[in-house]
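Protein sequence lines correspond, in order, to chains A and B.
The opening residue of the first sequence carries number 1 in my numbering; numbering runs sequentially from there.
The opening residue of the second sequence carries number 1 in my numbering; numbering runs sequentially from there.
We put the beta carbon where it would ideally sit given N, CA and C, even for glycine.
Read through the structure below, which is laid out as structure tokens, and then see the notes.
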Amino acid sequence: MYTLHLNGHVRSIDVSPDTPLLWVLRDTLNMTGTKFGCGAALCGACTVHLDGVPVRSCSIPISAAAGKRVTTIEAIGESAVGRAVQKAWLALDVPQCGYCQSGQIMSATALLQSKASPSDEDIDAAMSGNICRCGTYNQIRAAIKNAAADLAGGQHR
Amino acid sequence: MNVVAPQSRRQFLKVSALAGGGLLIAIAVPAAGRFAEAAEATDTAAPFAPNAFLRITPDGRVTVVVGYSEMGQGVLTAVPMLVAEELDADWSMVHYEQAPSDPVYKNPIFGFQGTGGSTTVRASWQPMREAGATARAMLVAAAAQRWGAAPADCRTEAGRVLHTDGRSLGYGELANEAARQPVPAQVKLKDPQQFRILGQPHERLDTPVKIDGSGRFGIDVRVPGAYTAVLARPPVPGAKPVHWNADRARAMRGVKTVVEVPGGIAAVADGYWNAKKARDALEVKWDLGGNTAWSDQKIHEQFAANVEQPGVVARKVGDAPAVLGEKHDGRRLEAVYEVPYLAHACMEPMNATASVHADGIDIWGSVQAPGAIQQALSAAFHFKPEQIRVTTTLLGGGFGRRFGMDFIFDAAFVSKAIGAPVHVMYPREDDMRAQFYRPAALLKFSAVLDRQGQPVALRMNTACASIAKSASMPLRGGLDSFAVEGLTACPYRMPNLQIEWNESEPPYGVWFWRSVGHSQNIFFIEGIIDEMANAAGRDPYEYRRELLTQAPRYRNVLELAAEKAGWSTPPAPGRHRGIAVGESFGSYVAEVVEASVADDGSVKVHRVVCAVDCGRVVNPRIVERQMESAIVYGLSAALYGRISIEQGRVRESNFNDYPVLRMRETPTVEVHILPSTENPGGVGEPGLPPLAPALVNAIHAATGKRLRSLPIDPKSLKKA
Ligand code: FES
Ligand code: FES
Numbered sequence: 001m002y003t004l005h006l007n008g009h010v011r012s013i014d015v016s017p018d019t020p021l022l023w024v025l026r027d028t029l030n031m032t033g034t035k036f037g038c039g040a041a042l043c044g045a046c047t048v049h050l051d052g053v054p055v056r057s058c059s060i061p062i063s064a065a066a067g068k069r070v071t072t073i074e075a076i077g078e079s080a081v082g083r084a085v086q087k088a089w090l091a092l093d094v095p096q097c098g099y100c101q102s103g104q105i106m107s108a109t110a111l112l113q114s115k116a117s118p119s120d121e122d123i124d125a126a127m128s129g130n131i132c133r134c135g136t137y138n139q140i141r142a143a144i145k146n147a148a149a150d151l152a153g154g155q156h157r
Numbered sequence: 001m002n003v004v005a006p007q008s009r010r011q012f013l014k015v016s017a018l019a020g021g022g023l024l025i026a027i028a029v030p031a032a033g034r035f036a037e038a039a040e041a042t043d044t045a046a047p048f049a050p051n052a053f054l055r056i057t058p059d060g061r062v063t064v065v066v067g068y069s070e071m072g073q074g075v076l077t078a079v080p081m082l083v084a085e086e087l088d089a090d091w092s093m094v095h096y097e098q099a100p101s102d103p104v105y106k107n108p109i110f111g112f113q114g115t116g117g118s119t120t121v122r123a124s125w126q127p128m129r130e131a132g133a134t135a136r137a138m139l140v141a142a143a144a145q146r147w148g149a150a151p152a153d154c155r156t157e158a159g160r161v162l163h164t165d166g167r168s169l170g171y172g173e174l175a176n177e178a179a180r181q182p183v184p185a186q187v188k189l190k191d192p193q194q195f196r197i198l199g200q201p202h203e204r205l206d207t208p209v210k211i212d213g214s215g216r217f218g219i220d221v222r223v224p225g226a227y228t229a230v231l232a233r234p235p236v237p238g239a240k241p242v243h244w245n246a247d248r249a250r251a252m253r254g255v256k257t258v259v260e261v262p263g264g265i266a267a268v269a270d271g272y273w274n275a276k277k278a279r280d281a282l283e284v285k286w287d288l289g290g291n292t293a294w295s296d297q298k299i300h301e302q303f304a305a306n307v308e309q310p311g312v313v314a315r316k317v318g319d320a321p322a323v324l325g326e327k328h329d330g331r332r333l334e335a336v337y338e339v340p341y342l343a344h345a346c347m348e349p350m351n352a353t354a355s356v357h358a359d360g361i362d363i364w365g366s367v368q369a370p371g372a373i374q375q376a377l378s379a380a381f382h383f384k385p386e387q388i389r390v391t392t393t394l395l396g397g398g399f400g401r402r403f404g405m406d407f408i409f410d411a412a413f414v415s416k417a418i419g420a421p422v423h424v425m426y427p428r429e430d431d432m433r434a435q436f437y438r439p440a441a442l443l444k445f446s447a448v449l450d451r452q453g454q455p456v457a458l459r460m461n462t463a464c465a466s467i468a469k470s471a472s473m474p475l476r477g478g479l480d481s482f483a484v485e486g487l488t489a490c491p492y493r494m495p496n497l498q499i500e501w502n503e504s505e506p507p508y509g510v511w512f513w514r515s516v517g518h519s520q521n522i523f524f525i526e527g528i529i530d531e532m533a534n535a536a537g538r539d540p541y542e543y544r545r546e547l548l549t550q551a552p553r554y555r556n557v558l559e560l561a562a563e564k565a566g567w568s569t570p571p572a573p574g575r576h577r578g579i580a581v582g583e584s585f586g587s588y589v590a591e592v593v594e595a596s597v598a599d600d601g602s603v604k605v606h607r608v609v610c611a612v613d614c615g616r617v618v619n620p621r622i623v624e625r626q627m628e629s630a631i632v633y634g635l636s637a638a639l640y641g642r643i644s645i646e647q648g649r650v651r652e653s654n655f656n657d658y659p660v661l662r663m664r665e666t667p668t669v670e671v672h673i674l675p676s677t678e679n680p681g682g683v684g685e686p687g688l689p690p691l692a693p694a695l696v697n698a699i700h701a702a703t704g705k706r707l708r709s710l711p712i713d714p715k716s717l718k719k720a
């Protein structure tokens, strides 16, 4: 039995210790917002926050996540930064197919939570682990800046 | 002004009252185009199936039911815009709904329900506007009846019928009465000058579900009682499983069973992780069969030998072989171009959920062709097509790959074998190796220029496998038009031109890949034209422009791209420009790439300027984004894309060895739309083909080196 502090709730899970957090979320807990893209920490589609840090959930076994705080796309809007990121994504119509966007939003939110006004280099560094096959990178960059400006304006508490 | 009589055009309207009140409009459209013949022969569906494109409920909500698949290209917004325009809907009240599988939703260009070939707007342009106009006429009739007024005294605007005397009624208030009005025999479509919704950069209707994790893709389908299966698949085409350790897999946690199906050996478990672990534990021994000697080298040698043979002639102007055989005092050019197999690498790996039961088959998933799935499964599993129900979800990328049915058949066979619903999942490695590739291809060209540098003759002979055959489509006169599209359209003034195709058959499966044959052929021809310009000592833009005097739509986008890129002024120091132009799917696109090449040969693309003429624009924001999307996709392929074959096996497995563009490598992209009153062209694919040639042309400008194969090899560009 493992325990997760998932989006503010305590969840107990009975799976084998090597089961990646991604599959606990998707298959055991039926939370499908977090996506599978590569299974090898190469694409970022599965990004969640573990104790506030963005991680690739496909490559974190449940035994390593147990007892920690996990935030997923389903709850990211509950934080001021996550809400601002989603708002910017909506305003700029970032997604195309949308499949990579949960991971993009999780990475972007983590970036803005640690750096209020990131430079282009900061954005490159934080976001280049997230692949988008629809090629929305320029819109993602613009939306991150838009969200940063919005947050700097103090609209979000 | 357009006046159409739906019935006279073999288009059948069906109108009915909704159970919950309101108006519902359905339309059946005839098949046309190159898929039609094959489709009509097998189309047993009733033309009057009661189904809907449009629903107006008493609360004023307008729901447009979209029969096309959303894979990022914006159909869930574009199709509702077409309906809403002629309906004069209040755009804020318009919603989409994904249609079920039903022949009423067939794509009139294909003859079956399916999305691809950048067809959605072209296929929907007339029928979806007619559906909106028909509903509008009936709403007007209902209002006129209620008021005892003449319909001519009524007009519509933003979801209301307005009388000249100032009275007005909302569509919702009229929905029930409208459903009882006779269907008009003719509807008048708007003059495009009157468009209020079309041509506007409306926000996508599907964005909200794509930013909070609530959007459902095929991989997110959860059917009660369903298992998850992962298959061990043949490592070499034609390999057969001889032995596997089913007992070991069955003993593992969460595993239900192991079954053999045509696609391989399936490990069936309670979820992906346990299924994949069980699959990996199967230790399948394969009889590898006769294909283990295949390699990139062997494929190259076969293609190179093929193009020395005369091929099927796809286009002939004058007599290029004869002219090329004569003596000339101008320049003579001859070279070989080559491109590798490419995987689509959709962000969502292939997967599907199936339930095979006594009454038929249910399929849920990210699919591009529900109509084709109905036909194929009904034949294979002996059901009527209507007993196959396909629920289309959002697609995590398509690019042609999800026209394939390998994953559908896997799911159906496993479900049948275990007697329960099952979700078949492809690990990324299975997806990468599934062999639905853009064909590898080689092209040899020979050309002569006159003393002024003008082309006199051009002969191009290409070798590749046939996509049409892979897709069970007929060849016409022995020709697969997919193999030569982009070549046969050659718009340049060419007194003698001959284009030939040699079918080549390495055993690796080929398939539709974003822009299909144009993806390699426009790379070939735009490289060749650049070589001609170089040989003539001319500016590559001016040279093209002069050869395009008879092709105004090409020339216009070429000029616009050059102007916006500042072609006449030098780029920033260290940067170099290349240009290319092409038509595909009815749209014309020119691109200027600005790139630099470092001493170690590494290539950086800084900026791409794109000009597009896609006819009338439904949503300019979607057009711009689709151009940019195709540019990024094309740049991934040009810089990195290669599926290679070693000892019969596919070498690549995941994004480590099949890299794709990431944010830090992404150039700025500027898209300029040429205003046009032509009928709409496609937009999902046409942005792709000019990218690779514009890039190699820029690299030539930078280094003097002419790259004739993809992906770009930085080693060959290294400063000595
Ligand atoms: S699925 Fe985890 S990084 Fe790709
Ligand atoms: S939006 Fe489709 S992969 Fe990013």
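The nearest non-hydrogen atom of ligand 2 is 6 Å or more from the C-beta of residue 137(A).
Within the segment 99 to 113 of chain A, the residues whose Cβ lies closer than 9 Å to some Cβ of chain B are 99, 100, 101, 102, 105, listed in chain order. Taking 7 Å as the threshold, the shortest C-beta distance from residue 632(B) to chain A falls below it.
Counting along the chain, residue 287(B) sits inside the beta strand (DSSP E) bounded by residues 285 to 287. In the DSSP assignment, residue 115(A) falls outside any beta strand (DSSP E), carrying neither H nor E. Secondary structure at residue 423(B): strand, using DSSP grouped into helix, strand and coil. Placement of the Cβ of residue 56(A) at a distance of less than 6 Å from at least one heavy atom of ligand 1 is found. Taking a contact as a CB-CB distance under 8 Å, the pair residue 75(A) and residue 147(A) does not count as one, their CB atoms being some 17 Å apart. For the 7 Å CB-CB criterion, residue 618(B) and residue 588(B) do not form a contact. Neighbourhood of residue 519(B) in chain A, by CB distance below 9 Å: empty, with the nearest CB roughly 15 Å away. For the segment 379 to 409 of chain B, the beta-carbon criterion of a distance under 9 Å to any beta-carbon of chain A is satisfied by 394, 395, 396, 397, 398, 399.
Nearest C-alpha to residue 313(B) among 350(B), 294(B), 500(B), 463(B): 500(B).
Looking from the CA of residue 213(B), the closest CA among 15(A), 36(A), 51(A), 18(A) belongs to 36(A).
Partner residues in the beta bridge of residue 107(B), as assigned by DSSP, are 112(B).
Check the Cα spacing between residue 60(A) and each of 233(B), 204(B), 273(B), 266(B): the tightest is with 273(B).
The C-beta of residue 550(B) has fewer than 16 other C-beta atoms within 10 Å across all chains shown, which makes the residue exposed. The beta-carbon of residue 33(A) is placed less than 7 Å from the nearest beta-carbon of chain B. Proximity of chain B to residue 29(A) at the Cβ level (cut-off 7 Å) is not reached, the minimal Cβ distance being about 11 Å. At least one CB of chain A lies nearer than 7 Å to the CB of residue 654(B). Annotation for residue 700(B): the continuous alpha helix (DSSP H) segment containing it runs 691 to 703. The continuous beta strand (DSSP E) containing residue 672(B) extends over residues 668 to 673. Restricting attention to 458(B), 287(B), 254(B), the CA atom closest to the CA of residue 319(B) is found in 458(B). Residue 372(B) and residue 114(B) have their C-alpha atoms spaced approximately 7 Å apart.
When DSSP states are grouped into helix, strand and coil, residue 399(B) belongs to the coil group. For residue 375(B), the shortest C-beta to heavy atom distance toward ligand 2 is 6 Å or greater.
The beta carbon of residue 90(A) sits closer than 7 Å to some beta carbon of chain B. Using beta-carbon distances, residue 1(A) does not count as an interface residue toward chain B, since no partner is under 7 Å. Among the residues of chain B, those whose CB is under 8 Å from the CB of residue 93(A) are 203, 204, 207, 621, 625, following chain order. Within the same chain, 67, 99, 113 come within 6 Å of residue 105(B) by CB-CB distance, once the 5 residues on both sides are set aside. In terms of side-chain proximity, the C-beta atom of residue 586(B) is found no nearer than 6 Å to any non-hydrogen atom of ligand 1. Membership of residue 351(B) in the beta strand (DSSP E) is indicated by the continuous run 351 to 357. Less than 7 Å divides the Cβ of residue 115(A) from the Cβ of residue 122(A). Partner residues in the beta bridge of residue 445(B), as assigned by DSSP, are 335(B), 460(B). The CB of residue 19(A) comes closer than 7 Å to the CB of 273 in chain B, given here in chain order. In terms of Cα proximity to residue 135(B), the closest of 334(B), 172(B), 117(B), 404(B) is 172(B).
Contact between the segment 62 to 81 of chain A and the segment 184 to 194 of chain B is absent: fewer than three C-beta pairs spanning the two stretches fall below 8 Å.
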